[in-house]
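Colleague: Going from the sequence shown to the numbering used here is simple: count from 1 and add 27.
Ideal Cβ placement from N, Cα and C applies to all residues, glycine included.
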Amino acid sequence: MAQQKSEDRVVPDGGVMPVQPTGSSAGGQGKAVPVEEAAWQLCLPIATAEAPRGVARRRVLDRSGVRAVGVPKAIVNAQERAPATMDGVVERLGSALLKVVSNRGAPGPDGMTVQVLRERWPTISKKLRVDLLEGRWRPGEVRRALIPKAGGGQRGLGIPNVTDRVVMEAVRQVLEPVFEPTFHPSSHGFRPGRSCHTAVAEAGQHLQDGYGWVVDVDLEKFFDRVNHQRLMARLAQRVGDRRLLVLIGRLLTARVVLPDGVVVATIEGVPQGSPLSPLLSNIVLDELDTELARRGHRFVRYADDANVYVRSERAGQRVMASMERFINRRLRLKINHDKSAVARPEDRHFLGFCLRHDPQDGSVEVLLSQRTKRNAMARIRELTPRNWGGTLESCIARVNVWLRGWHQFFAIAAASEQFTLRALDAHIRRRLRAIVLKHWKRRRTIARNLIALGVKRQSAWRGIYAGRKSTWALSHSPAVDNGLRVAYFTARGLVRLVDLHRYSRRPIIAPIQAQLELDWG
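(1) Got a sec, what are the start and stop residues for the alpha helix (DSSP H) residue 197 sits in?
(2) Look at the Cβ atom of residue 242, then the Cβ atom of residue 335, and state whether they are nearer than 8 Å.
(3) Grab the span of the alpha helix (DSSP H) containing residue 256 for me, first residue to last.
(4) Can you list, in chain order, the residues of its chain whose CB lies under 7 Å from that of residue 340, leaving out five sequence neighbours each side?
(5) Residue 622 bridges to which residues according to DSSP?
(6) Touching or not, the segment 314-334 and the segment 224-237, by the rule of three or more beta carbon pairs under 8 Å?
(7) Specify whether the segment 405-414 and the segment 456-464 touch according to this definition: at least 3 beta carbon pairs, one from each stretch, less than 8 Å apart.
(8) Kindly indicate which three-state DSSP category residue 63 falls into: helix, strand or coil?
(9) Identify every residue that forms a DSSP beta bridge with residue 381.
(10) So, for residue 319: in the same chain, excluding its five sequence neighbours on each side, which residues have a beta-carbon less than 6 Å away from its beta-carbon?
(11) With H, G and I counted as helix, E and B as strand and the rest as coil, what does DSSP make of residue 405?
(12) Output needed for residue 331: all residues of its chain with C-beta closer than 6 Å, excluding positions within five of it in sequence on either side, in chain order.
(13) List in chain order: all unbroken alpha helix (DSSP H) runs of 4+ residues lying wholly within the segment 329-393.
(14) What would DSSP say about residue 438, mapped onto helix, strand or coil?
(15) How many Å lie between residue 137 and residue 316 at the Cα?
(16) Note down, in chain order, each residue of its chain lying with its Cβ closer than 6 Å to the Cβ of residue 63, except the 5 sequence neighbours on either side.
(17) Flag this pair as yes or no: are the beta carbons of residue 430 and residue 524 separated by less than 8 Å?
(18) If you drop the 5 nearest sequence neighbours on each side, which residues of the same chain put their C-beta closer than 8 Å to that of residue 371?
(19) What are the boundary residues of the beta strand (DSSP E) that includes residue 161?
(20) By how many angstroms is the C-alpha of residue 154 removed from the C-alpha of residue 143?
(21) According to the neighbour-count rule (16 or more other Cβ atoms, all chains shown, within 10 Å of its Cβ), is residue 130 buried or exposed?
(22) Can you give me the C-alpha to C-alpha distance between residue 197 and residue 291, rounded to a whole angstrom?
(23) Spatial neighbours of residue 466 within its chain, please: C-beta separation below 8 Å, excluding the five flanking residues on both sides.
(24) So the beta strand (DSSP E) residue 293 belongs to, where does it begin and stop?
(25) Considering only their Cβ atoms, is the gap separating residue 182 from residue 135 smaller than 8 Å?
(26) The alpha helix (DSSP H) with residue 227 in it runs from where to where?
(27) Take residue 286 as the anchor and find which of 489, 515 and 173 has the nearest alpha-carbon.
(28) Near residue 338, which residues of its chain fall below 8 Å by C-beta distance, leaving aside the five closest residues on each side in sequence?
(29) Could you have a look at residue 488 and say whether DSSP puts it in helix, strand or coil?
(30) Could I get the ranges of all uninterrupted alpha helix (DSSP H) runs contained in the segment 488-522, with 4 residues as the minimum, in chain order?
(31) Measuring straight from C-alpha to C-alpha, what distance separates residue 185 and residue 139?
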């Protein structure tokens, strides 16, 4: 989230904070608005930011959800019968607690863990319920954590206090039944019953229909740049309880504690890592889905990654230009040009995969992207350091955990990826051989152990003492390869990707058409 290092915006309850009116200059003086009204003001249109009172607010259904997507009337009626209210949030605090405890997670700035929260919940919940209903509850600060990104750089995560996470989870449980049924079927991120696999499968269906070019759009720092007033305006269209809107506004504007201990105010963005941010991101980007559907485009979106499928490169360039205008002007976001392009699907990375279409027979293969292969090799190096001080079996055990999880996600890759999987298996075995040689230390010990494993005496001594080879060079020598064979590591429990893929490979393009359409007709 974007923060502002300013002591003026960090004010106690009952104080005032400056709000910049629309149309005034950047250096002009904003009108002072009581903090109690600041969160409610976020739900007003941007043009009326200087007039928080007296503005008509209508509870209307999102036209994009009803007209462009075609929401069944039964769903709309169900929303009207079960609106999102603060009373519903309070009722769901118990189930939200169970969800937060099961997710575990690190403590926030107050240091309270989920175990301590569970023990103190009978006492905490009584005061929490009263404060929520009477509008006195305030969220605590959010701890900022930086984690490395696969492509380089760092990603900022917001870690709220565990009590705040329970409130966020309860709000999510109240809002999701209202907004989830009206999301577009081509949106797959953070939605029940959908996943990366359903997104890739739908993309493959578009390729089979003859849309051989993709407009790959990635939003730059999306979670950090979400406009609060636009988000609150969309929430106010379906949420009529002012107390709930004020609560969401307070959660969005919670102060952030940076890694160096500096406390800053939040002026835009949603905290990536909180239970509520995935749903809020879909609410923001549902407007983009509606616009693409209104224009008749074939598209697939997973969170802030959107792929639009067209029939020619020229059409793709036109779509890219129009999407950029819409995203900049309407959503007030920016496209990451370094990660966005118009290209063939086999040249792009989408959720770890790339798609290859055969125009002759119309088949589509789901392959591993080059980035996925590089990330896998890097992860293997992290799991098998050559200075591993534990036993070989303990190293193999943690490699197996990663292998099974990695394969479970990438199991939809086509059978033609057998060569890549064999190469990864071979690389893992070589890394493990280097660890074994390090454990054996001296070359004389290495030669004797290889002879005991069945390597000919002359080959073992000659292979080990031929030149001043490093441990890494020896790990791929003929003598070591013959002694530390596949069976040696299999006997110690090593799992092979080739075997996992052979016996559990999923269909290339899953038959999910019925699942994707559901009640949409």
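Modeller: Reading from the atomic positions:
(1) 189-206
(2) Between residue 242 and residue 335, the C-beta gap is smaller than 8 Å, which places the two residues in contact.
(3) 255-263
(4) 240 and 369
(5) Limits of the chain in this structure are 28 at one end and 548 at the other, which puts residue 622 out of reach.
(6) Touching, per the Cβ criterion.
(7) The segment 405-414 makes contact with the segment 456-464: 3 or more CB pairs, one atom from each, lie closer than 8 Å.
(8) In this predicted model, residue 63 has a pLDDT of only 40, less than 50, meaning its place in the structure is not dependable; the value taken from the coordinates is given anyway. Three-state result, residue 63: helix.
(9) 394
(10) 326
(11) helix
(12) Taking C-beta separations shorter than 6 Å and ignoring five residues to either side along the sequence, the partners of residue 331 in its chain run 246 and 249, following chain order.
(13) 340-356
(14) coil
(15) 39 Å
(16) Low per-residue confidence applies at residue 63: pLDDT is 40, beneath 50, and the placement is therefore not dependable enough to give any value.
(17) yes
(18) 239, 240 and 241
(19) For residue 161, there is no enclosing beta strand (DSSP E); the residue is part of the alpha helix (DSSP H) that begins and ends at 141-161.
(20) Distance between the alpha carbons of residue 143 and residue 154 is about 16 Å.
(21) Counting Cβ neighbours within 10 Å, residue 130 comes out exposed, since fewer than 16 surround it.
(22) 26 Å
(23) For residue 466, same chain residues with a beta-carbon under 8 Å away, outside a window of 5 residues either side, are 419 in chain order.
(24) 290-295
(25) No; because the gap between Cβ atoms is not below 8 Å, this pair is not in contact.
(26) It spans 223-235 - the alpha helix (DSSP H) in which residue 227 sits, taken as one unbroken run.
(27) 173
(28) 237, 238, 239 and 240
(29) Three-state DSSP puts residue 488 in a helix.
(30) 498-501, 505-510 and 513-517
(31) Going by C-alpha positions, residue 185 is about 16 Å away from residue 139.
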